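Working notes, beginning with the structure itself.
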Amino acid sequence: MNFIILIAAGLLVPVFYKSNIFIAKLIAVAAFVASAVMVYNGFGLNNVFPYFVLDGSTKLMEYVLLATLAAVTLSLSGFERPLIAQMLFVAGASVAILETNNFFIFIVLFEVIAIISYVLVANIRNFYNAEGAIKAFIAGAVASGIILLGFALFSFVTESFNYAQMNVQGKFTLIAVAIMLAGIFYKLTVVPMHAWAADAYSQVNHAAAAILSGVIKSVMLVAVFKAFYKFLVAYPGATVLIFSFFAILTMTLANFMALWQKRISKILAYSSIAHSGYALIPFAAAASVYSYTGVLYYAIAYIFMQTSVFLILNDLRREAGVKYLEDIKGLGEKAPIHALFFTIQLFSLAGIPMLAGFLSKAVAFYAGIDAGLWPIVLIGLLNSALAVAYYAWIVKHIYLNKPVEGSVKKINISPGSLIGQLILLLGTVYFGIVAVQVFNTTISM
Amino acid sequence: MVAVDIIFAPIFLSVLLYFLTRNNQYMAKYIALGWFVVQFFIAFSWYNALPQEGFLELGSYLSVPQFGFELTLRVDALSVAMLLLTSALLILVVFTSWEEKKQAAYFSLLVLFSGPIFGVFMTTNVLWFFMFWELTLVPMFFLVGYWGGERRIYAAVKFFLYTHVASMFMFVGFYLLFKQTGFWDLTLIRETALATPALIWWFMFIGFAAKLPVFPFHTWLPDAHVEAPSSISVLLAGVLLKMGAYGLIRFTVELMPVTTQEFSIWMLIIGLNTTLFAGMLAIYERHIKKMVAYSSISHMGLVVVAIATMTYDGLSAALFEMIGHALVISPLFLIAGWLHHKTHTWYMDEMGGIMKKAPYVSAIFILAGMAALGLPGTMGFVGELTIIISAIKSFGWWIAVIAIASLISAGYIIWSVRRAIHGEMSPIVQKASFTMSYPEKAALAVFAFMIVYFGIQPQPIFDLANKAFSFLGGM
Chain A
831 MNFIILIAAG
841 LLVPVFYKSN
851 IFIAKLIAVA
861 AFVASAVMVY
871 NGFGLNNVFP
881 YFVLDGSTKL
891 MEYVLLATLA
901 AVTLSLSGFE
911 RPLIAQMLFV
921 AGASVAILET
931 NNFFIFIVLF
941 EVIAIISYVL
951 VANIRNFYNA
961 EGAIKAFIAG
971 AVASGIILLG
981 FALFSFVTES
991 FNYAQMNVQG
1001 KFTLIAVAIM
1011 LAGIFYKLTV
1021 VPMHAWAADA
1031 YSQVNHAAAA
1041 ILSGVIKSVM
1051 LVAVFKAFYK
1061 FLVAYPGATV
1071 LIFSFFAILT
1081 MTLANFMALW
1091 QKRISKILAY
1101 SSIAHSGYAL
1111 IPFAAAASVY
1121 SYTGVLYYAI
1131 AYIFMQTSVF
1141 LILNDLRREA
1151 GVKYLEDIKG
1161 LGEKAPIHAL
1171 FFTIQLFSLA
1181 GIPMLAGFLS
1191 KAVAFYAGID
1201 AGLWPIVLIG
1211 LLNSALAVAY
1221 YAWIVKHIYL
1231 NKPVEGSVKK
1241 INISPGSLIG
1251 QLILLLGTVY
1261 FGIVAVQVFN
1271 TTISM
Chain G
3 MVAVDIIFAP
13 IFLSVLLYFL
23 TRNNQYMAKY
33 IALGWFVVQF
43 FIAFSWYNAL
53 PQEGFLELGS
63 YLSVPQFGFE
73 LTLRVDALSV
83 AMLLLTSALL
93 ILVVFTSWEE
103 KKQAAYFSLL
113 VLFSGPIFGV
123 FMTTNVLWFF
133 MFWELTLVPM
143 FFLVGYWGGE
153 RRIYAAVKFF
163 LYTHVASMFM
173 FVGFYLLFKQ
183 TGFWDLTLIR
193 ETALATPALI
203 WWFMFIGFAA
213 KLPVFPFHTW
223 LPDAHVEAPS
233 SISVLLAGVL
243 LKMGAYGLIR
253 FTVELMPVTT
263 QEFSIWMLII
273 GLNTTLFAGM
283 LAIYERHIKK
293 MVAYSSISHM
303 GLVVVAIATM
313 TYDGLSAALF
323 EMIGHALVIS
333 PLFLIAGWLH
343 HKTHTWYMDE
353 MGGIMKKAPY
363 VSAIFILAGM
373 AALGLPGTMG
383 FVGELTIIIS
393 AIKSFGWWIA
403 VIAIASLISA
413 GYIIWSVRRA
423 IHGEMSPIVQ
433 KASFTMSYPE
443 KAALAVFAFM
453 IVYFGIQPQP
463 IFDLANKAFS
473 FLGGM
C-alpha cells in the first residue's frame, strides 16, 4: 500500500510543477506521511503481493527513509522541482527493495533504483554537471551488466529465490556471488570501483547528490545485507577476506584523498566513500549477532547526516555560490543557522559522541570485535580519527577563520530548509542517544 | 533525576545562553557563574552523602538490554574529589575570563563543557564514559581555536586530532572488555575474568597516557597550552589532564589490579622518564608559558609514579598531587598569560623587574612557584613528599632518584623568578602598564589561599582518599 501511494503521488506531482510548486511539495510530503502511517499499521507490500515481508527493522528503516525524503522535499528550491517526483519514485522502489525477501525481485528493484538515479543526476545545467551525470550513468550501466552476469550464473544453481530457501552450496555459487558483489560494489562505491562516485557526487546538483549518496546508498546497504546474508554466513572465510580487504582499502584511500581536496563537495564525496568502507566492517563480521544491527544502525545514522550536509551545501551554493573551502571562511558570522547545522552534522560524520555518527560506528565496529576482527576495527577507528582532520578542517574554516572580504554575503535560511534540517538534526541527535529501537528490532532477547 | 540533568542540562543551557545573551553580552558570565555554583553545590551534596566505602548510587537511564548499554551514574570519593575540583575551577575561570571578548559564545562553550566533564567522572558505564570523554574535546577545540594566540588554529587541530587518535586505542580496549565480559558496567566487569588482560591494559593505557600526558605522547600539550587563552589553559591542566589520571586509576588500578601489578614497573619507568625529561625541557625553555606547561607535564609524571606503586599510600598521594597540581599550575598559567598580555613578549629574559611594578601578581607567582618546587607549608610539599615516601616503600631506596625531579623544578622555578620577576627592570616592563581587574585578583587570591590552606591542613583530601582507596588496605 505504501508503495502504491508513493508511486501514485509521483505520477500526480508533475501536474503541479508549472502552476504551484508549493502544492507539489505538499502532496509529496503528504504521500510520505501517509505511507509512513501505512507502514505503522502494517500495510506494506506484504498485503498485496507475496515475496514481501514487513518486519520491525524494515519498518524502522522505512520511517527513517520517508522522514529524510520529506526533509529533502521541504528544502528544495523551485528549479529543483523535477526531483520531487523522482524522489517519490525512489521512495517507492526503496520501500519495495527493503521489504522483499526474494532475490529475483531484489535484482530487479536494484536495477530500477539505478535507472531512477540516472534520471536523478540528469538535471544538467552546465558542462560540470554533465560530466558527473555521464560518469554515474556509464559506471552504473557497467555495474548492471556485471550484476546480471553473476545473477545469471546463480540462477542456474538455485531452485528458489527466497532469501531463506536459496541454495547457497551450489557449484558456481561462490563465483556467482563474487561477480554480483563486484557490480554491487560499484553502487556502494567501494574502492577501487569508486572513481565515478567522487565525480558524480560532487559535480551533479547537490540536492540530487544528497539523495544519491545519502538516501540511495543507505537503502542499498540494508537491502544488500539482507539479500546476501545467507551467502555471507555460508562462506565465512571468503566473507572475512573480501570484506575486510575492501573495507580497509576503501576507508584508507578515501580518507587520504579527502584530505587533499579543496572543493567542499569533493570532500563530502570522498567522505561518503570512506563511510562505505566503515559500513563494510559489519558485512565482514556477518557471523556476529550484531552484524545486522551494525548495518542497520549505520544506514540510519548515515542517511541523516550525509543528506543533511549535502542539502546545506546546496543552500549555500544557491545563495552564495559556495564551492571551495576558501568560500566558507567566516560562515559562522554570515550564516549562523546554516553553520550550526553544518557543524553538528559534520561532527556526527566524524563520529563525535551524542550524535548518531558515533553510536552507529560504535555498534557497527563492535560487530567486528564480536567476530574477532579487532585489528580491522582498530584500523577502522584510526581511520575515523584521521577523518576528523578534514571534518574539523571544514569547521575550522567556518568558525575560526575570519571572513574574506566579499566571500560570503549574509544568508538567511528559508523556512522549508529550516524544517527539513531540523528533521534531519532530530534524527541525528535521537539516534545518537537512544539506541533501543535499533536493537529491539534486530536482536531478540 | 538531578544526576542526569546535571550532565544533559548544559547542552540546552548553552544554546539558550548563547541566544539570550547575544545582544547583551555582559549577562553571559553571570548566568554561567550561577550554573557552575549550582553544579558545585550539587557535587558538594554528594560529598556529604558519600558512604564510607564504595559508590553512592545515582540511578541509571536509557537502557538497551541487548547491548548492555545503560547510562549508569554513581560516584565515589575519587569522582567527588574530581567533581569538586572541576566545578571550583570552572567558577574561578569565570572570574579570570571576566573581560574575554565575545562573551556569549565563550561562556556558552564553557557551560557546554561542564556537562560532559561531569559525565566523565560520574558514569561507571564504559561506553558512556568514552562518549563523555570525547565530547569534552568539542568545546575545547573551539575555545582554543577561536580565543587562542597566534598559532591557535594549528594548536586546536593538533590537540583535537592527537587526543582523538589516542582515544581510539582506548576504545578498542573498551570493546575487548565488553567482548570478553559481556558488560559495559565497571562494577560488573570487575568481577569477571578477562581472556587477554595484557592487550586490553596496553590499549587503555595509551589512551590515558596521551591525555595525562606522559613522555612519548606529550607533544600536543605545549602547543595547546601555549596557544590557549590562560583561563582555558587552567581547564586543560586542571581538568583535562586529570581525566587521564582518573582513567588510569579507575580502569587500570581498580579494574584490573593483577595486570597493573604486572606492568607497574613500566608505568614507573614511563612516569620517571616523563618527570625528569619534562623537567629538563622546562629548564631549557625561555618561553614562560612553555616552561609552565613542561612543569605541568613533569608533575603529572609524578602522579603516574604514585599510581604505579599500587598501594593505598601511593594512590592517596596521587589524588593529593592531582588536586595540588591543578591548584598550583593554574595561577602560574594565569600569570604567564597575563604577563604576555601586558608585555607582549613570551620570553623571560626580556622581562625582568616585574616585582617592582606588579608586586601582588609577582608575590602569587613566587608562592605558586615555591609550591611547584615543593616548599614546606604548601600543597606541593605534601604531594611530593607523600609520593616519594610511598614510592620508596614500594620500589626500594633507588627510587629516591625521584628527588632529582624536585631539584630540577627548583632549578627552573627559581631561575625563572630570578629572570622574570626580580633583576634589572627591562625596557619592555618599563613601558608596560600592569593593571589587573579585581575579579582576576580575587581568583588568584583564592588559588593562593587554597595552596597554603591544603598545605597546612591536608586532612580533608586524605579523608576523601581514605574513602576512595580503602579497598587497598587503608589506615
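Protein chains in written order, with this note's numbering: chain A, 831 to 1275; chain G, 3 to 477. Where a beta carbon is used, it is the ideal one built from N, C-alpha and C, also for glycine. Note that the structure is predicted; figures quoted are calculated from it, not measured.
- For the set Met142/G, Glu229/G and Ile202/G, the Cα lying nearest the Cα of Ala157/G is the one of Glu229/G.
- Scanning its chain for C-beta atoms nearer than 8 Å, with the 5 sequence neighbours on each side dropped, one finds around Phe1177/A the residues Leu1185, Gly1187, Tyr1221 and Val1225, in chain order.
- Rounded to whole angstroms, the separation of the alpha carbons of Phe134/G and Thr345/G is 38 Å.
- For Asn1242/A, the secondary structure class from DSSP, reduced to helix, strand or coil, is coil.
- Flagged as an interface residue toward chain G: Lys1226/A, by a C-beta distance shorter than 7 Å.
- Residue contact with chain A for Leu163/G: present (Cβ-Cβ distance below 7 Å to some residue of chain A).
- With a cut-off of 8 Å on Cβ pairs, the region 1030-1049 of chain A is not in contact with the region 988-999 of chain A, counting fewer than three such pairs.
- Taking 8 Å as the upper bound for CB-CB distance, Val949/A and Ile1046/A are not in contact here, some 12 Å apart.
- Residues are counted here when their Cβ sits less than 8 Å from a Cβ of chain A; for the region 148-163 of chain G these are Tyr148, Arg154, Ile155, Ala158, Val159, Phe162 and Leu163, given in chain order.
- Sequence-distant Cβ neighbours of Phe253/G in its own chain, meaning closer than 6 Å and more than five residues away, are Met206.
- Beta-bridge annotation (DSSP): Arg76/G is paired with Glu59/G.
- Only residues of its own chain outside the window of five on either side were considered, and among them Met29, Ala30 and Ala106 have a CB closer than 6 Å to the CB of Thr23/G, listed in chain order.
- Bridge partners of Val66/G according to DSSP: Phe71/G.
- Note on geometry: alpha-carbon atoms of Ala393/G and Tyr296/G lie some 22 Å from one another.
- Taking 7 Å as the CB threshold, Leu137/G lines the interface with chain A.
- Beta-carbon to beta-carbon, Arg154/G and Val146/G are separated by about 6 Å, close enough to satisfy the 8 Å threshold.
- Contact between Val236/G and Leu87/G does not hold, since their C-beta atoms are separated by about 11 Å, which reaches or exceeds 8 Å.
- When rounded, the separation of the alpha-carbon atoms in Val95/G and Glu59/G is 30 Å.
- If the five residues before and after Ala1117/A are omitted, its C-beta is found closer than 7 Å to the C-beta atoms of Val1063, Pro1066 and Ala1201, all from its own chain and listed in chain order.
- Within the region 217-236 of chain G, no residue has a Cβ lying closer than 7 Å to any Cβ of chain A.
- Of the residues assessed, Leu1252/A falls on the exposed side of the cut-off, its CB having fewer than 16 other CB atoms within 10 angstroms.
- Pairing Gly273/G with Thr380/G gives a Cβ-Cβ distance that is not under 7 Å.
- Here the alpha carbons of His289/G and Met1135/A stand approximately 44 Å from one another.
- In this structure, the alpha-carbon of Ala901/A lies about 7 Å from that of Leu1254/A.
- Counting along the chain, the unbroken alpha helix (DSSP H) around Ala320/G starts and ends at Tyr314 to Thr345.
- Ranked by Cα distance from Lys433/G, the options Gly355/G, Ile191/G and Ile285/G are led by Gly355/G.
- DSSP, reduced to helix, strand and coil, places Phe882/A within a strand of the structure shown.
- DSSP, read as helix, strand or coil, puts Arg1093/A in strand.
- Against chain A, the CB of Met293/G has no partner CB under 7 Å away; the residue lies outside that interface.
- Only Leu163, His166, Val167, Ala168, Ser169, Met170, Phe171, Phe173, Val174, Tyr177 and Leu178 from the region 163-178 of chain G bring a Cβ to less than 9 Å from some Cβ of chain A.
- For secondary structure counted as the beta strand (DSSP E) over 3 or more consecutive residues, the region 409-443 of chain G holds no complete run.
- Classified as exposed, Asn25/G has fewer than 16 neighbouring CB atoms from the shown chains inside 10 Å of its CB.
- Around the beta-carbon of Asp465/G, fewer than 16 other beta-carbon atoms lie within 10 Å, marking it exposed.
- Under DSSP, Asp465/G takes part in no beta bridge, so it has no partner.
- Within the region 1183-1204 of chain A, those residues whose Cβ lies closer than 9 Å to any Cβ of chain G are, in chain order, Pro1183, Met1184, Phe1188, Leu1189, Ala1192, Val1193, Phe1195, Tyr1196, Gly1198, Ile1199, Asp1200, Gly1202 and Trp1204.
- Trp48/G sits close to Val82/G, with the two beta carbons spaced by under 7 Å.
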